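Taking it in order: structure first as structure tokens, then the write-up.
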Amino acid sequence: AEPEIVIRNEDNKTFYEYRVNGVLKEIKVVPKIGPTYYLVPQDGNAWIREDRSQVLVPSWVLFEW
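So the sequence shown is numbered by the numbering used here: it starts at 69 and just counts up by one.
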């Protein structure tokens with residue numbers, strides 16, 4: 069299933085919430101200043117910060133010309 073993406077703007081950051089089957093899988097945080105990072109749920113209701121996305125979305129090229 070493809071993830072649902074909800075985009076929220078707050079203060080100096082933009083949040084992209086990725087949900088698969090209604091379950092929040094990760095949050096992409098794009099600050100106005102600084103690098104993009106991802107928040108990924110960890111066991112026990114904690115979130116850890118990652119530099120790369122953990123959500124795999126198929127992206128095949130079917131035709132190109």
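Don't be surprised by glycine CBs; every beta carbon is placed ideally from N, CA and C. Treat the numbers as computed from the prediction; the structure is a model and nothing was measured.
What is the rounded straight-line gap between the Cα of residue i and the Cα of residue j?
i	j	result
D79	V97	12 Å
Y105	W133	34 Å
W115	P109	5 Å
V88	E70	7 Å
Let me confirm a value: residue i is counted as buried when at least 16 other C-beta atoms fall within 10 Å, else exposed. Which label applies?
i	result
E72	exposed
E94	buried
I need the DSSP call for residue i, collapsed to helix, strand or coil.
i	result
R87	strand
W115	strand
E94	strand
Anyone know if the C-beta pair for residue i and residue j falls short of 8 Å?
i	j	result
R120	L107	no
I75	Y84	yes
K81	P99	yes
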